[in-house]
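Some notes on the structure that comes next.
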Amino acid sequence: MPPNETLFLESTNRINKDEVNSFIDFQVWDFPGQIDFFDSAFDLDAIFGKVGALIFVIDSQDEYLEALTKLHITIIKALTVNPNINIEVFIHKADTLSDDYKIDTQRDIQQRAFDELSDSGLDNISVSFHLTSIFDYSIFEAFSKVIQKLIPQLPTLENLLNIFCSNSVIEKAYLFDISSKIYIATDSSPVDVQSYEICSDYIDVILDVSEIYGYERKNSLNNKNTTDETEISSIIRLSNGMALYFQELNRYLALVCLIRTENLEKHSLLEYNIQCFSKAIKQIMYQIAYTCS
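Residue numbers (this note's numbering): 1 to 293.
Structure below.
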């Protein structure tokens, strides 16, 4: 849905549950702000007991003192039930604020939240704050960081990407969830918002083209109800001397890289390293499936 069409969506007035089936299957529960789920009618153990991350959304356009009070209560209640839960705060609609005011707003919200926690004797609680908007990629980047904390194999994935970038002369590499455009992992070099945006846009281009010129995959010999994992790959040259390399690893994951155009001459080496990387990813996915079963 285009961001401008969200203006016509009604406010959430009931609890919604969405299933996300991808590299890692998880559920997203959406609680309306007006519902007091600390009421005795709600089972807090059922709500927070098995939750990996709690995302609390604050509207940056509204007065947020009342929201901060509710955030404080929510953190205390959630940690009482589940001490291992990750607390994430999205300061939303940040696109309406100037750059300086964004920083001031985030700093003020963080300071007030931590002061209240400190007054309650919770100085060591880790809370992450993210400026988000649906009109840019900040919401995807924030969700990426939330999901990464829920992946025990994240250090392994990051190490694999570092080795791949080093051996393939890659400037930046992202491991994307194709459907959501959330990046599961990236190498240790700093994340540049522009590089993330262009890699994410490239996925949209690939998906649009594959829908128009795609093909029906052959049936597997072992199971007629499944299809071959024939991966898509693509290279596009940019005007700034860089190139984008897209390699689908399976139906859920894709590797998107930024590489200098002169290094594309080592295409055979790049393909070989991608094959090695893909095999390692499949082993990790097998371990995840085995652990979850």
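Every residue, glycine too, gets a C-beta built ideally from N, C-alpha and C.
| field | Completely contained beta strand (DSSP E) runs for the stretch 150-178, where each covers 3 or more residues | value | List check, beta strand (DSSP E) in window: 172-177.
| task | Evaluate the contact criterion for the stretch 36-50 versus the stretch 73-86: three or more CB pairs, one atom per stretch, below 8 Å. | result | yes
| field | Simplified DSSP state of Tyr245, which is helix, strand or coil | value | strand
| message | Which residue wins for smallest C-alpha separation from Ala67, given the options Gly33, Ser98, Glu141 and Asp119? | response | Gly33
| Short check: CB of Asn167 to CB of Asn273, under 7 Å? | yes
| request: Determine the DSSP secondary structure at Ile87, reduced to helix, strand or coil. | output: strand
| field | Collapsed DSSP secondary structure at Thr105 in the structure displayed | value | helix
| Ile203 - partner residues in DSSP beta bridges | Ile203 is not bridged to any residue.
| field | Whole-angstrom distance between Val127 and Glu229, CA atom to CA atom | value | For Glu229, the pLDDT reaches just 48, beneath the cut-off of 50, and the residue's location in the model is therefore unreliable, although a value from the coordinates is still provided. Spanning the two alpha carbons is a distance of roughly 40 Å.
| request: Locate the alpha helix (DSSP H) running through Leu79, then write down its first and last residues. | output: Leu65 to Val81
| field | Whole-angstrom distance between Ile73 and Lys17, CA atom to CA atom | value | 23 Å
| message | Measuring alpha carbon to alpha carbon, tell me which residue in Thr96, Thr69, Phe246 and Tyr101 is nearest Cys199. | response | Phe246
| said: According to DSSP, is Asp36 part of a helix, a strand, or is it coil? | reply: coil
| To which residues of the same chain is Tyr64 closer than 7 Å at the C-beta, ignoring the five residues directly before and after it? | Ile58 and Ile109
| request: Take Glu248 as the anchor and find which of Glu262, Lys266, Glu271 and His267 has the nearest alpha-carbon. | output: Glu271
| request: Using the Cα positions of Phe277 and Thr80, report the straight-line distance between them to the nearest angstrom. | output: Taking the straight line joining both Cα atoms gives about 41 Å.
| request: Determine, using beta-carbon pairs with one atom in the stretch 190-204 and one in the stretch 149-158, whether at least three such pairs fall under 8 Å. | output: no
| request: Ignore the nearest five residues each way along the sequence and tell me which others in Ala254's own chain have a CB closer than 7 Å to its CB. | output: Phe176, Ile178, Ile203, Phe246, Gln247 and Glu248
| task | Please report how far the alpha carbon of Lys149 lies from the alpha carbon of Phe140, in whole angstroms. | result | Distance between the alpha carbons of Lys149 and Phe140 is about 15 Å.
| Can you tell which of Asp119, Asn21, Phe56 and Glu19 has its C-alpha closest to the C-alpha of Phe31? | Phe56
| From the DSSP output, which residues share a beta bridge with Lys280? | Strictly speaking, residue 280 in this sequence is Ala, with Lys absent from that position. Answer is none; Ala280 lacks a bridge partner.
| request: Under 8 Å Cβ to Cβ from Asn124, same chain only, skipping five residues before and after it: list those, please. | output: Taken in chain order, the list of residues that qualify is empty.
| For the alpha helix (DSSP H) that contains Leu44, what are its first and last residues? | Leu44 to Phe48
| Taking C-alpha atoms, which residue in Ala113, Asp36, Phe164 and Asn21 lies nearest to Lys279? | Phe164
| task | Tell whether a beta-carbon distance below 7 Å holds between Ile259 and Ile170. | result | yes
| Among residues of its own chain, excluding the 5 on either side of Leu244, which ones have a beta-carbon nearer than 6 Å to its beta-carbon? | Tyr202 and Ile236
| field | Reduced DSSP category for Tyr137 - H, G, I as helix; E, B as strand; rest coil | value | coil
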